[in-house]
Amino acid sequence: MTDTNDERLRGIRITNTQGNVTIGDDNTVTNTVHVGGGPRDPRQEELLRAVRRFRTDLRAVVETEETAALDGELAETEAEIERTGEAAPGRLARLRQSLADAGNVAGLLASGVAVGQVLGTLLGG
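FYI, our numbering numbers position 23 of the sequence shown as 26, with every residue one higher than the one before it.
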């Protein structure tokens, strides 16, 4: 039984940890983080660069519902490549549809054309 009035225990609070915690003497903590599965496919790297450029260029365009949705899809694509090393086929298809939905905006910006071209190589067409 722990005495809650024990002076040694007062002031110790551990909440919302997102890592390793150890309390006491002679403890050892090892934290190994594995990110991605090795080097990325060069086409995925090319897509990541194109997506980043396009997102930057989109900031100069008057925002519409379609361009906002496109930027959201670009952000999700970027995050997925960063997290897993590649954008899954479903993600690529959604990005392609968002490009189509945004209409002329993607075609007016060279970075949008670049994203479309890389998608074409990844999706085959």
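Ideal Cβ positions, reconstructed from N, Cα and C, are used throughout, including at glycine. Every value quoted in this text rests on a predicted model; they were computed, and no experiment measured them.
### Query
Is it true that the CB of Gly115 sits closer than 9 angstroms to the CB of Arg99?
In the sequence shown, the residue the question calls residue 99 occupies position 96. In the sequence shown, the residue the question calls residue 115 occupies position 112. Their beta carbons are not under 9 angstroms apart, which means Arg99 does not touch Gly115 by this criterion.
### Message
My output table needs one value for Leu111: the three-state DSSP class, helix, strand or coil.
### Response
Reading the sequence shown from its first residue, position 108 is the one you call residue 111. If DSSP states are grouped into helix, strand and coil, Leu111 belongs with the helices.
### Nearest neighbour of Thr87, chosen from Glu68, Gly127, Leu51 and Thr124 [CA to CA]
Locating residue 87 in the sequence shown gives position 84, counting from the first residue. Taking only the C-alpha atoms, the option nearest Thr87 is Leu51.
### Query
What separation, rounded to the nearest whole angstrom, lies between the Cα atoms of Thr91 and Ala63?
The count along the sequence shown starts at 1 and reaches residue 91 at position 88. The count along the sequence shown starts at 1 and reaches residue 63 at position 60. Just to set this straight, residue 91 is Ala in the shown sequence, not Thr. When rounded, the distance between both Cα atoms is 28 angstroms.
### Query
Would a C-beta distance cut-off of 9 angstroms place Leu102 and Arg46 closer than the cut-off?
Residue 102 sits at position 99 when you count from the first residue of the sequence shown. Residue 46 sits at position 43 when you count from the first residue of the sequence shown. Against a cut-off of 9 angstroms, the Cβ pair of Arg46 and Leu102 comes out as no contact.
### Arg97 beta carbon less than 9 angstroms from that of Glu68
For the purposes of this step, residue 68 is identified with residue 65 of the sequence shown, where counting begins at 1. For the purposes of this step, residue 97 is identified with residue 94 of the sequence shown, where counting begins at 1. For Glu68 and Arg97, no; Cβs fall outside 9 angstroms.
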